[in-house]
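Residue numbers (the working numbering): 143 to 585.
Glycine is no exception: its CB is placed at the ideal position from the N, C-alpha and C atoms.
Scroll down for the structure; my scribbles are underneath it.
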């Protein structure tokens, strides 16, 4: 079956479909009929609109969600800076052309999600709604019981690498397991529980626009990530107007906190299109590949794309390399050697990436090949692939690698370059300096 066999079973119900218009109510009759903001909402609820685009965005791009809740989000104290975070989440960036590779990032057992976010790389500016940020997260304990967080900076695509996250959002519950991704829209409040211990993974935060399914072109109407396989939560609410809650807001990479005397998870019903959290099982990705010869571009493995204003060029693509069959004849089957106008940040969820069989690229680690930084298979992979018997071969069994590919030049944070102490200083030497010339003139 084209689904992941998860160790942790699913425990919630979902609505299926990408960019579908969903409506859901935890109490029958909580959604008003035929109107969005009646004079009096059913059951004394407040109507609150969450706008993900400008009011006047074209209809096919317009994204909004209507929430019907016990108290509106505006009922909170003034925000103040959160003072116990040692690193800003939008720090200055080092612009360097070197190929970089990181050893596995460590799990911090003492911290929660809020304190376990670390920015590794990025480009652009969340205040201008341009660019992206790349983060890793590692946490050993759940968020405080009466706390919630949201980001004003962008839309977060979270790649779970280790551990299970039970995410309570304003719009419902959505647990995430390794080999799943979840997208949390800008502004959606959430709280993370760790039901099975520590967690670790990667985040791509899109400062501009929203993630979308890539165009399929000549592929046709199906394959890659199919719209029906994306899952959105159903409404689930709590009723609590007597407990003090802490709300954390990531705003221009800085963390601010406010207090309120009611739970933020009091949405009894909602309806809207895409401005809601959703998740996807990477095991459902339908791989396309060559059945004759040559190695196609990795864009055929795109799960989601963050479009730019230039058609066909992404602010960021999320690409995966799942288990797949290679059957090409007379072909060097691993990825070719490459210099790219795009930046390529890669991570490994589990297993061994078939283009880096020489070791060094490890699960929970990462690599960055920036704009025009040359890269490709390491020496041992080249020798093996150049001399192997070209019979049908399934690669990537028990493995899944991914790539955040961006049209932007990515800068690296001080934490990512030095503080984390995970950069492999011998990356180039171990990967490519051992390559040998094979050129021979004809006799």
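>> If you reduce the DSSP assignment to three classes, tell me which class residue 514 lands in.
In response: Residue numbering aside, residue 514 sits at position 372 when the chain shown is read from its first letter. Coil, per DSSP.
>> In chain order, what are the residue ranges of uninterrupted alpha helix (DSSP H) at least 4 long that sit wholly in the stretch 452-534?
In response: 521-529
> On the premise that residue 150 lies in contact with residue 338, defined as a C-beta separation below 8 Å, what is that separation, rounded to the nearest angstrom?
Replying inline: Numbered from its first residue, the chain shown carries residue 338 at position 196. Numbered from its first residue, the chain shown carries residue 150 at position 8. Right, the Cβ-Cβ distance comes to about 7 Å (below 8 Å), so this counts as a contact.
>> Quick check: the stretch 266-281 against the stretch 344-362, are at least 3 beta-carbon pairs closer than 8 Å?
In response: yes
> Is residue 253 helix, strand or coil by DSSP?
Replying inline: In the chain shown, the residue the question calls residue 253 occupies position 111. Coil, per DSSP.
> With which residues is residue 397 paired in a DSSP beta bridge?
Replying inline: Here residue 397 refers to the residue found at position 255 of the chain shown. 392, per the DSSP bridge assignment.
>> Could you check whether residue 297 and residue 89 sit closer than 8 Å to each other, using their CB atoms as the reference points?
In response: Missing from the structure shown is residue 89; the chain here goes from 143 to 585 and no further.
>> Let me check one thing: in DSSP terms, what residues is residue 261 bridge-paired to?
In response: Stepping through the chain shown from its first residue, residue 261 is reached at position 119. Answer by DSSP bridge pairing, in chain order: 277.
> Hey, residue 457 and residue 553: beta-carbon distance below 8 Å or not?
Replying inline: Start at 1 with the first residue of the chain shown, and residue 457 comes out as number 315. Start at 1 with the first residue of the chain shown, and residue 553 comes out as number 411. No, these two residues do not count as a Cβ contact at 8 Å.
> Across which residues does DSSP place residue 574 in a beta bridge pair?
Replying inline: Taking the chain shown and counting its residues from 1, one reaches residue 574 at position 432. DSSP output for residue 574 lists no bridge partner at all.
>> In the DSSP output, what is residue 414 paired with across the bridge?
In response: The count along the chain shown starts at 1 and reaches residue 414 at position 272. Residue 414 is bridged to 164 and 207.
> In terms of DSSP beta bridges, what is residue 424 paired with?
Replying inline: The residue given as residue 424 occupies position 282 in the chain shown. DSSP output for residue 424 lists no bridge partner at all.
>> Pop quiz: residue 377 and residue 355 are said to be a contact at Cβ under 8 Å. What is the actual Cβ separation, rounded to whole angstroms?
In response: Taking the chain shown and counting its residues from 1, the one referred to as residue 377 is at position 235. Taking the chain shown and counting its residues from 1, the one referred to as residue 355 is at position 213. In fact, because the Cβ distance is near 25 Å, the residues do not count as touching under 8 Å.
> Hey, residue 540 and residue 493: beta-carbon distance below 8 Å or not?
Replying inline: Locating residue 540 in the chain shown gives position 398, where the first residue counts as 1. Locating residue 493 in the chain shown gives position 351, where the first residue counts as 1. Contact flag set, yes.
> Buried or exposed: residue 391, going by 16 or more other Cβ atoms within 10 Å of its Cβ?
Replying inline: To locate residue 391, count along the chain shown from 1; it is residue 249. Counting Cβ neighbours within 10 Å, residue 391 comes out buried, since at least 16 surround it.
> So, using beta-carbon positions, are residue 169 and residue 185 closer together than 8 Å?
Replying inline: Indexing the chain shown from 1 puts residue 169 at position 27. Indexing the chain shown from 1 puts residue 185 at position 43. Contact: yes.
> Any idea if residue 183 is buried or exposed, counting beta-carbon neighbours within 10 angstroms, 16 or more meaning buried?
Replying inline: Here the question's residue 183 lines up with position 41 in the chain shown. The residue is buried, with at least 16 neighbouring Cβ atoms inside 10 Å.
> Would you report the Cα separation of residue 246 and residue 473, rounded to the nearest angstrom?
Replying inline: The residue you call residue 246 lines up with position 104 of the chain shown. The residue you call residue 473 lines up with position 331 of the chain shown. Approximately 32 Å between the Cα atoms of the pair.
>> Looking at the strands, I want to know which residues DSSP matches up with residue 325.
In response: Taking the first residue of the chain shown as 1, we reach residue 325 at position 183. Residue 325 is bridged to 299 and 420.
> To which residues does DSSP link residue 315 through a beta bridge?
Replying inline: Numbered from its first residue, the chain shown carries residue 315 at position 173. DSSP lists 310 as partners of residue 315.
>> Please return the same chain residues whose Cβ sits closer than 7 Å to the Cβ of residue 496, not counting the five positions on each side in sequence.
In response: Mapped onto the chain shown, residue 496 falls at position 354. 476, 537 and 538.
> Are at least three pairs of beta-carbons, each pair with one atom in the stretch 233-241 and one in the stretch 399-418, less than 8 Å apart?
Replying inline: no
>> Please return the same chain residues whose Cβ sits closer than 6 Å to the Cβ of residue 454, not counting the five positions on each side in sequence.
In response: Position 312 of the chain shown, counting from 1, holds the residue named residue 454. Answer for residue 454: no residue qualifies.
> Whose C-alpha, out of 468, 174 and 570, is nearest the C-alpha of residue 531?
Replying inline: Here residue 531 refers to the residue found at position 389 of the chain shown. Considering only alpha carbons, the answer is 468.
>> residue 220 and residue 400 - do their beta-carbons sit closer together than 8 Å?
In response: Position 258 of the chain shown, counted from the start, is the residue given in the question as residue 400. Position 78 of the chain shown, counted from the start, is the residue given in the question as residue 220. Going by C-beta atoms, residue 400 is nearer than 8 Å to residue 220.
> DSSP on residue 430, reduced to helix/strand/coil?
Replying inline: Here residue 430 refers to the residue found at position 288 when the chain shown is read from its first residue. Looking at residue 430 - three-state DSSP - the assignment turns out to be coil, as it is neither helix nor strand.
> Distance, Cα to Cα, residue 174 vs residue 412?
Replying inline: Along the chain shown, read from residue 1 onward, the residue named residue 174 stands at position 32. Along the chain shown, read from residue 1 onward, the residue named residue 412 stands at position 270. Taking the straight line joining both Cα atoms gives about 10 Å.
> Are there 16 or more other CB atoms within 10 angstroms of the CB of residue 557, so buried, or fewer, so exposed?
Replying inline: Here the question's residue 557 lines up with position 415 in the chain shown. By the 10 Å Cβ count, residue 557 comes out buried.
> Using DSSP with H/G/I as helix, E/B as strand and the rest coil, what is residue 366?
Replying inline: Counted from its first residue, the chain shown places residue 366 at position 224. Note: residue 366 maps to strand in three-state DSSP.
>> With a threshold of 8 Å on Cβ separation, who are the neighbours of residue 206 within its own chain once the five nearest residues in sequence on each side are excluded?
In response: On the chain shown, residue 206 is found 64 positions in, with the first residue counted as 1. So the list reads 191, 192, 193, 194, 195, 414, 415 and 417, once near-sequence residues are dropped.
>> I'd like the list of long-range same chain contacts for residue 361, defined as Cβ closer than 7 Å, with 5 residues on each side in sequence excluded.
In response: Position 219 of the chain shown, counted from the first residue, corresponds to residue 361. If we look at residue 361 and ignore the five residues flanking it on each side, its Cβ neighbours are 430.
>> DSSP has residue 544 in a bridge; who is on the other side?
In response: For the purposes of this step, residue 544 is taken as residue 402 along the chain shown, with counting starting at 1. Residue 544 is bridged to 462 and 489.
>> On the criterion of 16 or more Cβ atoms from any shown chain inside 10 Å, does residue 428 qualify as buried, or is it exposed?
In response: Along the chain shown, one-based indexing puts residue 428 at 286. Per the 10 Å Cβ criterion, exposed.
> Do you know how far the Cα of residue 319 is from the Cα of residue 380?
Replying inline: The residue labelled residue 380 in the question sits at position 238 within the chain shown. The residue labelled residue 319 in the question sits at position 177 within the chain shown. Their backbone Cα atoms lie some 24 Å apart in a straight line.
>> Using 8 Å as the threshold, is the C-beta distance between residue 489 and residue 301 below it?
In response: In the chain shown, the residue the question calls residue 489 occupies position 347. In the chain shown, the residue the question calls residue 301 occupies position 159. Yes, the Cβ-Cβ distance between residue 489 and residue 301 is below 8 Å.
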